[in-house]
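Have a look at the structure below before the remarks.
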Amino acid sequence: MAVTPGKLNLFSFFKLPSAWWCGVRLRYLDKERAVVTVRYGWRNQNPFKSMFWAVQGMAAELATGAMMIDQIGESGHAISMLVANNNASFSKKARGTITFTCNDGHLIKGALRKTIETGEGQTIWMRSVGTNEDGVVVSTFNFEWTVKLKPRP
C-alpha cells in the first residue's frame, strides 16, 4: 500500500498524537522529497513568542521519516528504522507557517539494498530544512537513521 500524505496524516492522529495536535502535517511525498508544514500557534508556542524547538523537530523528523516509511514498505522486507542521532541549528524565530523540506530520499534506496543484501544494519544522515513564509531558513535538522532487517519469527 502506497504511503500518501493523507494516510500518513491519519496515521499521525492515532500513533503520533502530539505531532498531530501541534499541527504537523505532511503536504508532499515522493521518492526524493518530502514537505511538512506546521503553523505557529498557541498549542506549539514557547515563552519567547515563537514555535517550540521540539515541535520543529517533530516536523523535521517527519519530513525524513515519511520517505523512509514509504520506501521500506515498497521493499517487501521487514525492516526496522530508528533515529540513532540528531542535531539541529536555529537561525531565526519560527513564526507563521514553517515548511520543512527534505531532499535526501535518494539515500534511502542504497541503505535498504545494502541491509537486505548483507543482513547488516545501515545508517544514513538526512537533512530537513525549515523555512518561514518569506523563504528564510529558521532551522536545520540532521537525523541519523538506522535500518536493519527484522529477525524472522
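For the sequence shown, our numbering assigns the number 156 to the initial residue and increments by one for each residue that follows. Just so it is clear, CB atoms sit at the ideal spot from N, CA and C, and this is done for glycine as well.
Asked                                                                            : Found
According to DSSP, residues forming a beta bridge with Q211                      : DSSP lists no partner for Q211.
Continuous beta strand (DSSP E) stretch holding W197: start and end              : It is not in any beta strand (DSSP E) - W197 carries neither H nor E in the DSSP assignment.
Length of the line joining the Cα atoms of N201 and F207                         : 5 Å
Distance, E187 Cα to S246 Cα                                                     : 25 Å
Closer than 8 Å: F207 CB and nearest the ligand GTP heavy atom                   : This structure lacks the ligand GTP, and indeed carries no ligand of any kind.
Element boundaries [beta strand (DSSP E), containing G285]                       : 277–286
Strand pairing of C257, partner residues [DSSP]                                  : A189
Beta-carbon proximity list for D225, same chain, < 8 Å, skipping 5 on both sides : A157, V158, L184, K186
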